[in-house]
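Taking it in order: structure first as structure tokens, then the write-up.
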Amino acid sequence: MVAWLESLTTGIRGKSQMRAISHILQIPSVELRGRGLTKDKANYLLQFLKTPQSRMWMKQYIESLENFAPTLYVGETGNFQKRAAEHVRHVTDFGLTVQESSDLSWEKLDFHYMVLKGFETKPELLRKSVEYISAALTIAGLTKRPG
């Protein structure tokens, strides 16, 4: 369980691509992630998590943090099934990121989605606006082109 906690504290939460600011200035790729557990914390947790009760408590505690954790990716589409399949087949930038990352795998990720129905005026603009708001408010550190 300590290895799992270590992977949670060091896992990637966001990544920027190298950007050219001008003809002579570039910013390299930057990753948003934790530094992991110190040896003291890891050793303490090894002792603390020896009982089933403490392991269950830790599992529930980590699950309770889900609502506070940053989203990795926000996207919009007119065809959810098609877009989800593209991600899983690594056809999209996000799908390629998952494939290339040692921190990420589809088994570890939760998909959340929202269907926007009943808004007939400019549905694509609504989707892109909601996508941008969602990406901005949830951090969405692996989203390359929000909205």
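The numbers in the sequence shown follow UniProt numbering, run straight up by one, and end at 147.
Heads up, the beta-carbon is just placed ideally off N, CA and C, and yes, glycines get one too.
The model shown is predicted, which means the values in this text are computed figures rather than measured ones.
Going by DSSP, GLY14 is part of the beta strand (DSSP E) stretching over 12-16.
Rounded to the nearest angstrom, the gap between the Cα atoms of LEU5 and LEU45 is 9 angstroms.
Scanning GLU107, LEU142 and HIS90 for the CA closest to the CA of SER29 turns up LEU142. According to the DSSP assignment, GLU124 belongs to the alpha helix (DSSP H) that extends over 123-137. At the C-beta level, GLU31 and GLU76 stay beyond 7 angstroms of one another. Taking a contact to require three or more Cβ pairs closer than 8 angstroms, the segment 71-86 and the segment 35-45 do not qualify as touching. Take MET18, set aside five residues on each side of it, and the residues of its chain with a beta-carbon closer than 8 angstroms to its own are GLN26, ILE27, PRO28 and SER29, in chain order.
Within the same chain, and ignoring the five residues on either side of MET1 in sequence, the residues whose Cβ sits closer than 7 angstroms to its Cβ are LEU49, ARG55 and MET58.
For GLU120, DSSP records no beta bridge to any residue. For LEU32, the beta-bridge partners assigned by DSSP are GLY14. Taking the Cα of SER101 as reference, the smallest distance to any Cα among LYS122, THR51 and ARG33 is reached at ARG33. If you check the CB distance, ALA135 and VAL74 come in under 7 angstroms. SER64 is not bridged by DSSP to any residue. Per DSSP, the unbroken alpha helix (DSSP H) holding ARG83 starts and ends at 80-88.
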